[in-house]
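Notes follow once the structure below has been shown.
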Amino acid sequence: MTGRWRVWLALALIVTLVVGVYQYRVLLMVLWQQPQLLQAPQLDNEALSPPENLGEIAILSFSKTNAFRHQESIPASIKMLDQLGQKNGWRFFHTENGGYFNTSALAQFDLIILNHKSGTVWNDEQRQALKDYVETGGTLIAQHAAGGDRSYEWDWYLQEALRAQFVDHPMERHIQVASLLVEDSQHPATSHLPKIWQRADEWYNFVESPRALTHVLISIDESTYDPESSPMGADHPLVWWHPVGAGRVFYSALGHTPATYSEPAFRQFMEGAIRWGLDGPDALRGEEHEF
């Protein structure tokens, strides 16, 4: 091979490398910032007891992440929750330790919020404790990333708690303004919202609509933004709730951006969801819901 061909080959390899790095720059940046994505899940196997001074109304806020971590949104959400707690007399216990998911510890909480929890975060005993908490009358609120894993090792969590499998979200135009359609204005979380709620966020796509399995509160109009690779069409729910045993699960796909937690309408949305959750399974007694 002549010297000229070696130069041309080297230049071609450099160009290929540069193009490849550019095309996958987002993925490479994520992996650099999120090393846990390449590691085995880290579990907390020691059973723990929460502090004794939890207050009259105690809420567990859990944000352990063994998959994608919302570095800025988790603290923004915690700040919002604490402010709502001060306003309403609620006491939040924020933790990333799965050891608090045992029967005696969970019994001390009036509500559980999965605050951007991601990945495999519980061992078998902890999973059973959460399942029992919900099915015997507890309420679980799952926020954004808590329903944003591409797969789940725990069938109950996907099939009963979430009832929808995340697939992806827009990447090229990541955060977009879109029109949310408020389908139920009677729920405490949505009673203050207009019928069309316009806001910017990261919009999740799911494998299929969970409408047949849940009571949908808010959906999104795909004609008002670009869902990119996995559009769901005319039926694209983003917020819903449903009974699970004697308890209930409320899921909201909203809340990727830290700015979300400063939005007055969103803060009132979460405040209403928490009030509903604290009211217990009889909060909507008299309404007919078939799933």
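In the numbering used here, the protein residues as written are 1205 to 1495.
Idealized CB from N, CA, C, for every residue including glycine.
Test item: CB-CB of Gly1303 and Leu1252 under 8 angstroms: yes
C-beta contact flag for Leu1421 and Ile1400 at 8 angstroms: no
Contacting residues, own chain, Cβ-Cβ under 6 angstroms from Tyr1226 (five flanking each side not counted): In this predicted model, Tyr1226 has a pLDDT of only 47, less than 50, meaning its place in the structure is not dependable enough to derive any value.
Residue span of the alpha helix (DSSP H) that contains Asp1455, given as start and end: In the sequence as displayed, the identity of residue 1455 is Tyr instead of Asp. Tyr1455 -> not in any alpha helix (DSSP H); beta strand (DSSP E) instead, spanning Gly1451 to Ser1456.
Straight-line gap, Asp1430 to Asn1409 (C-alpha atoms, nearest Å): 11 angstroms
Environment of Leu1264 [buried if 16+ CB atoms lie within 10 Å]: buried
Exposure of Asp1405, with buried meaning 16 or more beta-carbon neighbours within 10 Å: buried
Presumed contact (8 angstroms Cβ cut-off) between Ala1309 and Pro1398, rounded CB distance: Going by Cβ atoms, the distance from Ala1309 to Pro1398 rounds to 40 angstroms, so no, they are not a contact pair.
Enclosing alpha helix (DSSP H) for Thr1307 [first to last residue]: Thr1307 to Leu1310
The stretch 1374-1385 in contact with the stretch 1350-1361 per 3-pair CB rule at 8 angstroms: no
Bridge partners - Ile1422, DSSP secondary structure assignment: Val1386 and Val1443
Collapsed DSSP secondary structure at Gly1481 in the structure displayed: helix
Alpha-carbon to alpha-carbon, Leu1247 and Asn1270: 9 angstroms
Contact the stretch 1276-1292 vs the stretch 1461-1479: 3+ CB pairs below 8 angstroms: yes
For Glu1202, the nearest candidate out of Ser1423, Trp1407, His1419 and Val1453 (CA to CA): Outside the modelled stretch of the chain, which goes from 1205 to 1495, sits residue 1202, for which no answer is possible.
Sheet register partners of Trp1401 (DSSP bridge): Leu1384
Exposed unless 16 or more other CB atoms sit within 10 angstroms - verdict on Gly1342: buried
Touch test, the stretch 1291-1299 against the stretch 1326-1335, Cβ-Cβ under 8 angstroms, three pairs minimum: no
Secondary structure of Arg1331, DSSP reduced to three states: helix
Straight-line Cα distance separating Gln1390 from Glu1276: 32 angstroms
8 angstroms CB neighbourhood of His1320 in its chain, flanking five on each side removed: Ser1267, Thr1269, Arg1273, His1274, Ser1277, Ile1278, Ser1281, Gln1347, His1348, Ala1349, Ala1350 and Gly1459
Candidates Asp1388, Glu1260 and Thr1299, of which the one nearest Gly1289 by Cα: Glu1260
Contacts around Glu1364, its chain only, beta-carbon distance under 7 angstroms, and the 5 residues preceding and following it disregarded: Val1448
Under the three-state DSSP convention, the category Tyr1226 falls into: In this prediction, Tyr1226 has a pLDDT of 47, which is less than 50 and means its spatial position is unreliable; nothing more can be read from the coordinates.
Burial state of Arg1354, where buried means 16 or more other Cβ atoms lie within 10 Å: exposed
Neighbour-count burial assignment, Pro1441, 16 or more Cβ in a 10 Å radius: buried
Inter-residue spacing [alpha-carbon to alpha-carbon] between Arg1403 and Glu1339: 34 angstroms
Coarse secondary structure for Asn1257, derived from DSSP in three states: coil
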